[in-house]
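These notes are about the structure you will find just below.
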Amino acid sequence: MGSSETEIPESEWIRRVQRGDREAFAPLLERHQKRVFSLVYHLVRRRDEVEDIAQEIFVKAFRGIRSYNFQASFGTWLSRIAVNHCYDYLRREQKAKLAYYWQIGEEGSRAIEGQAQSLPEGALNLEQESEARDLAAKLLARAPAEDRTILVLKELEDRSVEEIAAILQLRPNTVKVRLHRARKRMLEDWKRWRQRR
Amino acid sequence: MRCEKFREIVEETGDRDWPAMLHQHLRQCAACAEYARDWRKVRTGLTLLSAEPAPEPMLGFAARVLRRLEDSAGFFPSGEDLLERAGRRMVYATLFVALVLVMVLVLPTSGPVRAKASLQLFPAEPAVVAENNPFLVDDSAANPPMAPSVPAENRGKATQ
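Just so you know, the protein sequences line up as chains W and A, in that order.
Using our numbering, read the first sequence as starting at 3 and increasing by one per residue.
Using our numbering, read the second sequence as starting at 588 and increasing by one per residue.
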């Protein structure tokens with residue numbers, strides 16, 4: 003991207019694409035691709051799928067750009083498309099899988115439990131960090147798509163409640179309630195399994 | 588303090604930011620203490636996960652997306668494309684109408700397709716009409732057909 007291109011405001015590129023200038027989509031892509039990759043990776047957690055999914059998201063964004071009305075920022079609008087796309091992907095993936103922690107097999111459950119029990123209260127060494135990371139990843143992977151989406155946006159993407167509300171088209175208070183429920187459900191599922199053992 | 592409220596605050600604040608009443612509730616409620624402990628473990632993992640680097644877009648990603656858009660260019664036509672497409676449709680529509688008109692004009696009114704229809708459209712006049720019509724009465728017996736007229740100057744030659 004040349005220096006003259008960076009001086010043009012984002013809204014101008016968007017308008018050009020809306021008028022049918024396909025090439026004007028390139029600067030928008032360059033500007034937002036890293037964030038889309040991060041969001042997709044955190045939601046889907048499959049490195050080999052990230053590029054394909056990101057491509058599909060940008061194609062969807064291009065197709066729908068005429069409906070973009072500048073009310074939210076382009077980044078938020080794009081995140082909305084990315085979240086919806088990944089949500090559908092997760093729903094498809096999870097149809098064939100067990101959704102909750104307490105439903106997983108004995109071996110997998112024991113591994114998660116072992117990781118959790120070995121986590122100390124204070125600072126962690128490298129091995130403990132790795133265990134903590136695995137525990138969180140496995141619990142997230144087993145959470146329903148709705149819970150996973152909102153937890154990823156808050157805990158991994160570090161988006162504000164207001165931003166999440168704009169992406170998911172919800173009220174901020176609803177986001178807070180759903181976040182609490184998602185966290186609670188995740189911990190309850192984990193606890194339920196422990197009680198079953 | 589209610590447990591639900593306690594848990595909401597625990598989720599939103601780090602351990603060190605807890606007000607005194609949270610610590611008090613924690614000492615009194617074993618279930619909330621367990622919840623806080625579990626959440627701390629999970630949150631530690633989530634924080635580490637968020638720090639994990641996501642894959643970077645590989646070189647040429649934007650170009651690949653643009654190529655993909657070009658491959659499926661039909662879905663997002665530019666203004667010129669739209670005009671061209673509309674014009675092409677007009678031409679096709681005109682050609683179709685012209686073809687129908689030509690078929691209507693050129694095709695015979697009889698034939699394997701049209702015969703039946705033409706009979707229904709133009710039924711033969713019933714015989715009754717001929718009988719009652721004085722102009723159509725068959726008078727061939729009363730008035731035999733005249734002999735072919737021969738010019739007067741040629742009559743003699745003809746009889747000779």
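Even glycine gets a Cβ: it sits at the ideal position worked out from N, Cα and C.
Cβ neighbour criterion (16 or more within 10 Å) applied to residue i
i         : result
Ser40(W)  : buried
Met690(A) : exposed
Glu129(W) : exposed
Ile106(W) : In this prediction, Ile106(W) has a pLDDT of 44, which is less than 50 and means its spatial position is unreliable; what the coordinates show is noted afterwards. With 16 or more other Cβ atoms within 10 Å, it is buried.
Glu598(A) : buried
Cys590(A) : exposed
Ser149(W) : At residue 149(W) the sequence reads Asp, which differs from the Ser that was named. Asp149(W) comes out buried.
Val687(A) : exposed
Val87(W)  : Note on residue identity: the sequence assigns His, not Val, to residue 87(W). Classification of His87(W): buried, given that the 10 Å Cβ count is 16 or more.
Gln615(A) : exposed
Ala63(W)  : buried
Gly647(A) : exposed
Leu100(W) : Caution applies to Leu100(W), whose pLDDT of 44 falls short of 50 and renders its modelled position unreliable; the value that the coordinates give is listed next. When all chains shown are included, Leu100(W) counts as exposed.
Asp23(W)  : exposed
Gly632(A) : buried
Pro606(A) : exposed
Phe72(W)  : exposed
Val684(A) : exposed
His34(W)  : buried
Tyr679(A) : exposed
Host alpha helix (DSSP H) of residue i (start-end)
i         : result
Lys156(W) : Element bounds for Lys156(W): n/a, residue is neither H nor E.
Ile16(W)  : Glu12 to Gln20
Glu657(A) : Phe648 to Asp658
Cys619(A) : Ala617 to Ala638
Gln35(W)  : Phe27 to Val46
Phe593(A) : Cys590 to Glu599
Gln57(W)  : Arg49 to Gly66
Requested in this report: Pick out the complete alpha helix (DSSP H) segments inside the region 134 to 197 of chain W, 4 residues or longer, and give them in chain order.
Outcome: For the region 134 to 197 of chain W, whole alpha helix (DSSP H) runs of length 4 or above, ordered along the chain, are 147 to 153 and 163 to 170.
**Report entry** Interfacial residues, the region 607 to 636 of chain A to chain W, with Cβ spacing under 7 Å
**Finding:** Under the 7 Å Cβ criterion, the region 607 to 636 of chain A contributes Tyr622, Asp625, Trp626, Lys628, Val629, Thr631, Gly632, Leu633, Leu635 and Leu636.
Query raised in the report: Taking Cβ-Cβ distances below 8 Å as the criterion, which residues of the region 669 to 682 of chain A are in contact with chain W?
Result: Residues: none.
Query raised in the report: What are the residues of the region 173 to 186 of chain W that lie near chain A, defined by any Cβ-Cβ distance shorter than 9 Å?
Result: So the close ones are Lys178, Leu181, His182, Arg185 and Lys186.
Requested in this report: Check each residue of the region 645 to 662 of chain A: if its Cβ is closer than 9 Å to any Cβ of chain W, include it; give the result in chain order.
Outcome: For the region 645 to 662 of chain A, which is checked against every Cβ of chain W, the residues closer than 9 Å are Met645, Phe648, Ala649, Ala650, Arg651, Val652, Leu653, Arg655, Leu656, Glu657, Ser659, Ala660 and Phe662.
Query - Interfacial residues, the region 127 to 160 of chain W to chain A, with Cβ spacing under 7 Å - result: So the list reads Glu131, Ala134, Arg135, Leu137, Ala138, Ala139, Leu141, Glu157, Leu158 and Asp160, given in the order they occur along the chain.
Report task. Would you list, in chain order, the members of the region 7 to 36 of chain W that have their beta-carbon closer than 8 Å to a beta-carbon of chain A? Result -> Residues Arg21, Gly22, Asp23, Arg24, Glu25, Phe27, Ala28, Leu31, Glu32, Gln35 and Lys36.
Requested in this report: Compile a chain-ordered list of the residues in the region 52 to 78 of chain W whose CB is closer than 8 Å to at least one CB of chain A.
Outcome: From the region 52 to 78 of chain W, only Val52, Glu53, Ala56, Gln57, Phe60, Val61, Phe64 and Arg65 have a Cβ closer than 8 Å to chain A.
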